[in-house]
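For the record, in the sequence shown the residue sitting at position 109 is 325 according to the working numbering, with numbers rising by one throughout. Heads up, the beta-carbon is just placed ideally off N, CA and C, and yes, glycines get one too. If you're wondering where the values come from, they're calculated on a predicted model, not measured in any experiment. A short worksheet on the structure shown next.
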Amino acid sequence: MNEFRFETERCCLGDRIFSSGAYYWEVELIHGEEWAVGVASPEVQRKGAAYLFSPQEKVWCVCRFVETFKALDNTEFNLDVTADIFKRVGVYLNLTKQTVSFYEPTTWKQLYTFTDVPQIVQPFFCLGTRGAEIRLAKRFSERTESKDNFEEMAEQAGLLENASL
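Printed below as a string of structure tokens:
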């Protein structure tokens, strides 16, 4: 079995390990009624019985299940999006602030932010059981504390409303 794949779930970790800095990537949601995207600790359980994804289980992600979109925190927070417009999700990982934020990238609407993300994580992708297809649409790009910082770019463009990155 591939070391990045989960044994009983259609999920995998990306091969990049992030341990410092800030990164942004986008995932295109091509089709399917079940998927999850986010980050996970390299220590996440990948073998054995299936379980729920949450920060307690070392996974910080947003997901779709049929017509509901959720942030899988410990309360399963409902996201304010609809399937017809939600075709991509932007993931902004800031390890300095220990946060991972999710965006609808055409409007930069912030969907959810997890806090207390551990210092070492990997990208997390899950296709669920209903034949989803997702694709990395914008590759991982490192964000620095310079002029091209994601937060500064978004603020200058007036794209973030009440976002706390």
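Under 8 Å between C-beta atoms of residue i and residue j
i: V305; j: V337; result: no
i: W251; j: C228; result: no
i: W241; j: K354; result: yes
i: F234; j: L311; result: yes
i: V275; j: V260; result: yes
i: G264; j: T224; result: yes
Coil, strand or helix - residue i by DSSP
i: Q314; result: coil
i: P339; result: strand
i: K363; result: For K363, the predicted structure reports a pLDDT of 36, less than 50, and the residue's modelled location is therefore unreliable. The matter cannot be settled from this model.
i: D296; result: coil
Bounding residues of the beta strand (DSSP E) (the contiguous stretch that carries residue i)
i: F281; result: V275 to F281
i: L327; result: K325 to F330
i: G254; result: E250 to A256
Residue i versus residue j - alpha carbon distance
i: P321; j: L295; result: 15 Å
i: R351; j: L343; result: 11 Å
i: Y239; j: T329; result: 14 Å
i: K286; j: S357; result: 25 Å
i: T284; j: S236; result: 33 Å
i: G374; j: G248; result: The predicted model places G374 with a pLDDT of 38, which falls under 50 and marks its position as unreliable, so this point remains unresolved.
For residue i, the nearest candidate out of the options (CA to CA)
i: L245; options: G264, E358 and E349; result: E349
i: P271; options: E358, G347 and T315; result: T315
i: K325; options: V282, V260, A256 and Y308; result: Y308
i: S317; options: V255, E283 and R221; result: V255
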